[in-house]
Amino acid sequence: MIHDLGTWSKVLELMPTAMFVRDAAHRWVFVNRIGCESFGVSAADVLGKRDDELFAPDQAARFAAGDDVALRSHEVVETEETVTDVQGRVRTLLTRKTSIDLDGSPHVLAAVTDITELRETEAQVRWLACHDALTGLANRTALFGKLDAAIGRAAGGGGMAMLFYLDLDGFKRVNDTYGHHAGDELLVEFGARLRGLVRATDTVARIGGDEFAVLVEDAAELDVPAMAERMLILASMPFDVTSSKAFIGTSVGIVPVDAHAVASGEMARKADSALYEAKRGRNRYVVYTDELDSALAHRRGVELALRDALRTGEGLACHYQPLVRAADGKVVGVEALARWMHPQLGSVPPVQFIAVAEETGLIGTLGEWILREACARLAPLEGVFVAVNVSAVQLRDDRFADMVFDALATCGMPAQRLELEITETAIVNADAATVRLLKRLRRAGVRISLDDFGTGYSSLTLLKDLDVDKVKIDRSFVQMAPTADDSAAIVRAVSNLGAALGLRVVAEGVETEQQRLFLREAGCDELQGYLFSEAVTEDRIESILGGFTEVAGV
1 MIHDLGTWSK VLELMPTAMF VRDAAHRWVF VNRIGCESFG VSAADVLGKR DDELFAPDQA
61 ARFAAGDDVA LRSHEVVETE ETVTDVQGRV RTLLTRKTSI DLDGSPHVLA AVTDITELRE
121 TEAQVRWLAC HDALTGLANR TALFGKLDAA IGRAAGGGGM AMLFYLDLDG FKRVNDTYGH
181 HAGDELLVEF GARLRGLVRA TDTVARIGGD EFAVLVEDAA ELDVPAMAER MLILASMPFD
241 VTSSKAFIGT SVGIVPVDAH AVASGEMARK ADSALYEAKR GRNRYVVYTD ELDSALAHRR
301 GVELALRDAL RTGEGLACHY QPLVRAADGK VVGVEALARW MHPQLGSVPP VQFIAVAEET
361 GLIGTLGEWI LREACARLAP LEGVFVAVNV SAVQLRDDRF ADMVFDALAT CGMPAQRLEL
421 EITETAIVNA DAATVRLLKR LRRAGVRISL DDFGTGYSSL TLLKDLDVDK VKIDRSFVQM
481 APTADDSAAI VRAVSNLGAA LGLRVVAEGV ETEQQRLFLR EAGCDELQGY LFSEAVTEDR
541 IESILGGFTE VAGV
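Counted from 1, the sequence shown has number 39 at position 39 by the working numbering; the numbering is strictly sequential.
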């Protein structure tokens, strides 16, 4: 055991990170060369001095308190703090401290890692994920979060809100006439006009190319027709673009968020139904009514038909889309995707029947069928993994892990070849039981992939705690990345995060050679999309396993 400072100094100088030693009176007795270089000081600047001579009083007090805990506990104490160093720079530091004996007296040994850049990247991803980069307004993800909160308040008797969906009339004409830069200027200006129309507590969002939404809180006394008319007037006022004036209009769909409101997705769908009706006449507003919504009856028909299909297995099938290694085009896995052909309804879109399954409690049965079917089909094909989507509803089922293990045992497929894709929203909202379930699956070898990454509120801590293997960048960013700076920034930031955390990064929705080249250069490990192959039937799986080396340019 080393007990003298001289020997400790020689050892600590060999460490590849910043190291320092302080005595029980909080005086600096050693700092290694990397520590000096990292923080722009010399050893002479700090040795023999106390923290209160080097840092602000509150900062010095925090450091001293951490030292005292380490000295008392004789354990490793880990803290993360934002500090201002002696050069006046704001840094985020991860510090690990423990007590050591030097020349018969207790001292604190500390290792410091500067994670400033990592935290800044995380903050950038988080901001870009919930804001529209062009207008600075909230995006769809942020809007739905606010809408969920409004629904909860209304259900608890906290007052109603009002949701407005707006779609600009004549916007394409502006783009075609004046160019996309002028169109962007118009979108920014219209967003600012909407922001000035409502209170700071209300939410204004850009949810699509020329689509906006306004969520007005505490709207029981709101004059809805007057508010809608003001929105129409704001859109009809001339816009100054490229030294000229452009004129557009808007259509508005409105739905009340009251005690009868359900999920945010359903409220958005109702607002969209009202907007669709308003677009038929243009430059007008329509308030949602049940008469507008014949789609609900169709939805009930889909539910009944899906129940029959799950009972008989008729019409349901798994198709498989390859995941390709970005470097050489080799197929490393396939994603199993449910398809449904009904004798009367025809080909039912997955987005439709999966949503119905989630709303009606059928998703567990459907999900189990997909997983067992995919594992059984891929088990004989060594060298590729199979990815299966898992819903938040399934993760709340405490029998889910046992079902997965049974499916693997039945077909004899190693757990390491199964990848479960879980949406970012499901992970963020996961409770302790769900976290335990995921960790149990990972301990058994099952890989966990975070789907639609960038559209929610994940943090580095969450990724670390769940020990995720992979993140999948949402197609909305992928498709715009080569030409849109904000999407490109998100892709690069996520790739950097993946590299820093040891995660593989997948880009989905790759459709063009330009996208492929950008994504490979940005550091994505795997690619998926129509550029390589659509989802194929099970009898065509072998035909795609040869890879896509020509597409990958090798």
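The beta-carbon is built from N, C-alpha and C at its ideal position, and this holds for glycine as well.
What are the boundary residues of the alpha helix (DSSP H) that includes Ala432?
Taken as a continuous stretch (DSSP letters only), the alpha helix (DSSP H) holding Ala432 covers Ala432 to Arg443.
Any idea if Arg22 is buried or exposed, counting beta-carbon neighbours within 10 angstroms, 16 or more meaning buried?
Under this definition Arg22 is a buried residue.
Rounded to whole angstroms, what's the CA-CA distance from Ala488 to Met480? Just pull it up for me.
Roughly 7 Å between the two C-alpha positions.
Given a threshold of 16 other Cβ atoms within 10 Å of its Cβ, counted over all protein chains shown, does Lys10 qualify as buried or as exposed?
Counting Cβ neighbours within 10 Å, Lys10 comes out exposed, since fewer than 16 surround it.
Does the segment 277–285 touch the segment 225–235, meaning 3 or more C-beta pairs lie closer than 8 Å?
Taking 8 Å as the limit for Cβ pairs, the verdict is that the segment 277–285 does touch the segment 225–235.
With a Cβ-Cβ cutoff of 7 Å, do Val188 and Arg195 count as a contact?
Cβ atoms of Val188 and Arg195: not closer than 7 Å.
What's the call for Lys245, buried or exposed, on a 16-neighbour Cβ count within 10 Å?
Lys245 sits exposed, since fewer than 16 C-beta atoms from the chains shown fall within 10 Å of its C-beta.
Pick from Cys375, Leu102, Glu80 and Pro106 that is closest to Arg96, judged by C-alpha positions:
Per the C-alpha coordinates, the member of Cys375, Leu102, Glu80 and Pro106 positioned closest to Arg96 is Glu80.
Residue span of the beta strand (DSSP E) that contains Gly333, given as start and end:
In the DSSP assignment, Gly333 falls within the beta strand (DSSP E) that extends over Val331 to His342.
With respect to the beta strand (DSSP E) encompassing Gly249, which residues constitute its N-terminal and C-terminal limits?
Membership of Gly249 in the beta strand (DSSP E) is indicated by the continuous run Gly249 to Val257.
Helix, strand or coil at Asn389 according to DSSP, with G and I counted as helix:
Note: Asn389 maps to strand in three-state DSSP.
By DSSP, does Phe532 sit in helix, in strand, or in coil?
Three-state DSSP puts Phe532 in coil, outside helix and strand.
Cα separation between Ser236 and Val536?
Using only the alpha carbons, I get a separation of about 48 Å.
Could you say which of Asp132, Glu13, Thr434 and Val76 lies nearest to Gly209 if we only look at CA atoms?
When only C-alpha atoms are compared, the closest one is Asp132.
So, Cys318 versus Cys375, is the Cβ gap smaller than 7 Å?
Not in contact: Cys318 and Cys375 (Cβ atoms no closer than 7 Å).
Same chain, Cβ closer than 8 Å to Lys49, neighbours up to 5 away in sequence not counted:
Taken in chain order, the residues that qualify are Arg27 and Trp28.
If you follow the alpha helix (DSSP H) that His319 is in, where does it begin and where does it stop?
From DSSP, His319 is part of no alpha helix (DSSP H) but of the beta strand (DSSP E) over Leu316 to Arg325.
Does the segment 211–221 come close enough to the segment 107–124 to have 3 or more Cβ pairs within less than 8 Å?
Remark: fewer than three beta-carbon pairs, one from each stretch, lie closer than 8 Å, so the segment 211–221 and the segment 107–124 are not flagged as touching.
In angstroms, rounded to a whole number, what distance separates the CA positions of Ala192 and Met162?
Approximately 20 Å between the Cα atoms of the pair.
Is Tyr276 helix, strand or coil when you go by DSSP?
Assigned with DSSP and collapsed to three states, Tyr276 falls in helix.
How long is the line joining the alpha carbons of Gln87 and Val69, rounded to whole angstroms?
The straight-line gap from Cα to Cα measures roughly 27 Å.
Alpha helix (DSSP H) runs wholly inside the segment 391–415, at least 4 long, in chain order
Within the segment 391–415, the complete alpha helix (DSSP H) runs of at least 4 residues are 392–395 and 400–411.
State whether the segment 343–358 contacts the segment 398–407, with contact taken as three or more CB pairs (one from each stretch) at a distance under 8 Å.
The answer is no - the segment 398–407 does not touch the segment 343–358, with fewer than three Cβ pairs under 8 Å.
Three-pair Cβ contact test at 8 Å for the segment 57–72 versus the segment 31–42:
No, they do not touch.
Our contact map puts Asp564 next to Leu134 with C-beta atoms below 8 Å; I'd like the distance itself, whole angstroms only.
Residue numbering for the chain in the displayed model covers 1 to 554; residue 564 lies beyond these limits and cannot be assessed.
Taking C-alpha atoms, which residue in Asp258, Ile233 and Phe164 lies nearest to Ala155?
Checked all of Asp258, Ile233 and Phe164; the closest Cα to Ala155 is Asp258.
Among Glu419, Ala64, Val241 and Gly361, whose alpha-carbon lies nearest the alpha-carbon of Ser173?
For clarity, residue 173 is Arg in the given sequence; the question names Ser instead. Residue Val241 is the option with its Cα nearest to Arg173.
Assess, as a yes-or-no matter, whether the segment 293–310 is touched by the segment 493–505 under the definition of 3 or more beta carbon pairs within less than 8 Å.
Cβ pair count under 8 Å is below three, so no.
Determine, using beta-carbon pairs with one atom in the segment 509–529 and one in the segment 138–158, whether at least three such pairs fall under 8 Å.
The count of Cβ pairs closer than 8 Å, one atom from the segment 509–529 and one from the segment 138–158, stays below three, leaving the stretches out of contact.
Reducing DSSP to helix, strand and coil, say where Thr242 ends up.
Reduced to three states, the DSSP call for Thr242 is coil.
Please tell me whether, using a cut-off of 6 Å, the distance from the CB of Leu187 to the nearest non-hydrogen atom of the ligand ZN is below it.
This structure does not include the ligand ZN; it has no bound ligands of any sort.
Shortest alpha-carbon distance to Gly253 belongs to which of Ala261, Gly159, Leu418 and Leu232?
Nearest option by C-alpha distance: Leu232.
Go ahead and pull the three-state DSSP assignment for Arg284.
In this structure, Arg284 counts as coil in the three-state DSSP scheme.
Just curious, the beta strand (DSSP E) that Gly346 is in, first and last residue?
Element bounds for Gly346: Gly346 to Val348.
Kindly indicate which three-state DSSP category Ala150 falls into: helix, strand or coil?
Helix, per DSSP.
By the three-class DSSP mapping on this structure, what secondary structure does Val554 have?
Bear in mind that a pLDDT of 47 at Val554, under 50, signals an unreliable position, so the number given afterwards is only what the model happens to contain. DSSP, read as helix, strand or coil, puts Val554 in coil.
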